[in-house]
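Positions in the sequence shown are counted from 1; adding 272 to them yields my numbering.
A short write-up of the structure that comes next.
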Amino acid sequence: MINVIGLGYIGLPTALMLASHGQVVVGTDCNADLVATLNRGETTFKEEGLDRLFANAIRGGIRFTTEYQRTDLYIVSVPTPYDKFSKKVDPGYVVKAVGQVLQVCPDEAVVVIESTISPGTLDKSVRPVVAASGKRISLVHAPERIIPGNMVYELLHNNRTIGADDKAVGERVKAVYASFCQGEIIVTDIRTAEMTKVVENTFRAVNIAFANELARICRHDGMDVYEIIRICNMHPRVNILQPGPGVGGHCISVDPWFLVGDYPSLAKVIDESMKTNDGQPAFVLNRIHEIMKENGITDNRRVGLYGLTYKENVDDVRESPTLQMLEVQERHLACPLKVYDPLIQRQIVENQFFDFDAFLSEVDLVVIMVKHDHIKQNWDKLKGKVILDCHNICPLEGVYHL
Ligand SMILES: NC(=O)c1ccc[n+]([C@@H]2O[C@H](COP(=O)([O-])OP(=O)(O)OC[C@H]3O[C@@H](n4cnc5c(N)ncnc54)[C@H](O)[C@@H]3O)[C@@H](O)[C@H]2O)c1
273 MINVIGLGYI GLPTALMLAS HGQVVVGTDC NADLVATLNR GETTFKEEGL
323 DRLFANAIRG GIRFTTEYQR TDLYIVSVPT PYDKFSKKVD PGYVVKAVGQ
373 VLQVCPDEAV VVIESTISPG TLDKSVRPVV AASGKRISLV HAPERIIPGN
423 MVYELLHNNR TIGADDKAVG ERVKAVYASF CQGEIIVTDI RTAEMTKVVE
473 NTFRAVNIAF ANELARICRH DGMDVYEIIR ICNMHPRVNI LQPGPGVGGH
523 CISVDPWFLV GDYPSLAKVI DESMKTNDGQ PAFVLNRIHE IMKENGITDN
573 RRVGLYGLTY KENVDDVRES PTLQMLEVQE RHLACPLKVY DPLIQRQIVE
623 NQFFDFDAFL SEVDLVVIMV KHDHIKQNWD KLKGKVILDC HNICPLEGVY
673 HL
């Protein structure tokens, strides 16, 4: 039996996938409301294919509980935020979850940490807890790479990395993941596995920062960044990403900071990249201010942000550029901007609308923060509005860009 600990964005689909592929799975989460929702037969977030997977897993006998189970294999998928001051990974949730596992597991159990951690975290923070317990267990690190919006497909098809001290244990865990994963599964050591996950997200963050920096340079001197990137990308060895209003979510906006925190005198490019991406919402705010002036809009109550999530077509708002921007705005004590997101039906911020038409009737300037499919199907409704398109997707005339 596999006990999956933490049933959030990563743990739930993983547990469901295992249960749908013949594994006996119990999912454990400390959040009793979340467990009750799952036990009512409802999923806890929206994701393409998740409901179908849930139904398959129920047929496969999955159970959900707040209790840790006594078994020989655990998969831990709890949050790993970073300390905003030191920038280092905060391993507190992982340490606590492993401590709880140790209270119930038998000797020789295998504990797989899926949570993203910086290199050396298992050595520094988790091994001492295991040693103090007196239990003989094997630790494994199997970081997750899936992207919200395409999680189910990527769980099935992505390549995976498994870090283990002992090759035989690594191969045993590989066989479990291979029950559903059609990608290649590499077995390596724990520190390499820890580092690869953080490096992958850092690669993305640095490349996004480069595109964002180009947007600022081009804005400063009146050049079209999109046309420049389009032409540059026709070079056979150039592949520049698109600029945007900032970076959010649980991975790219968080994990690279772990390296800055651990190697402050070495991780210079990474540090600057993260600062560039974190400064992007303020850059957008500045653009809004310029565009308001140019169009004689004097009241920021007539400005609306379209999109609250950190990326398109998902309902995850964690660290989203819109939330970051509202925070920057609040520091300037300005009246909060209006916000609408078709995927968010619960109140998260002030001045949030739940009806698109009502939102549009209250604003003159619409800022496209997120490129949900919904807006691409509603360009007609935006006619006559001043538009700041942070993603270069709007086909209407006279649209402003970053
Ligand atoms: N969300 C992503 O896109 C993504 C992608 C790849 C990797 N990751 C990594 O996966 C890990 C989990 O992220 P997430 O997005 O699933 O987080 P999440 O916040 O959605 O879910 C974590 C769950 O763990 C539960 N939990 C916390 N402590 C617990 C404990 N001691 N015992 C039992 N349950 C506990 C919480 O109640 C919550 O439901 C993080 O390290 C993250 O960096 C996330």
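Think of the CB as a built atom: it goes at the ideal place given N, C-alpha and C, for glycine as much as any other residue.
Near ligand 1: residue i beta-carbon under 8 Å from a heavy atom
i	result
GLY521	yes
ASN422	no
LEU290	no
TYR281	yes
LEU306	yes
SER592	no
SER387	yes
ALA414	no
ILE434	no
ASP362	no
THR352	yes
GLN616	With the sequence shown as reference, residue 616 is identified as Ile, and Gln is not the correct amino acid for it. No, ligand 1 has no heavy atom inside 8 Å of this Cβ.
ILE418	yes
Proximity below 9 Å, CB of residue i to CB of residue j
i	j	result
THR594	VAL642	yes
VAL398	ILE385	yes
ASP527	TYR354	yes
VAL412	SER387	no
ILE347	ILE277	yes
ILE503	LEU486	no
ALA547	GLY576	With the sequence shown as reference, residue 547 is identified as Lys, and Ala is not the correct amino acid for it. Contact flag unset, no.
PRO325	GLY299	It is worth fixing the name first, because residue 325 is Leu in this sequence and not Pro. Going by C-beta atoms, LEU325 is not nearer than 9 Å to GLY299.
VAL361	PHE530	yes
ARG463	LEU674	no
LYS653	PHE628	yes
LYS318	VAL600	no
VAL445	LEU345	yes
HIS293	GLY332	yes
MET273	LEU427	no
TYR340	VAL373	yes
VAL401	GLY371	yes
Beta-carbon separation (whole angstroms), residue i vs residue j, contact threshold 8 Å
i	j	result
ALA291	ILE334	4 Å
GLU456	ASN431	4 Å
GLY520	ARG417	Between ARG417 and GLY520 the Cβ distance is about 18 Å, and since that is not below 8 Å, they are no contact.
VAL556	PRO517	5 Å
PHE482	ILE512	7 Å
Residue i classed as buried or exposed, judged by whether at least 16 other C-beta atoms fall within 10 angstroms
i	result
ARG618	exposed
MET423	buried
MET597	buried
TYR612	buried
CYS453	buried
THR570	exposed
GLY568	exposed
LYS583	buried
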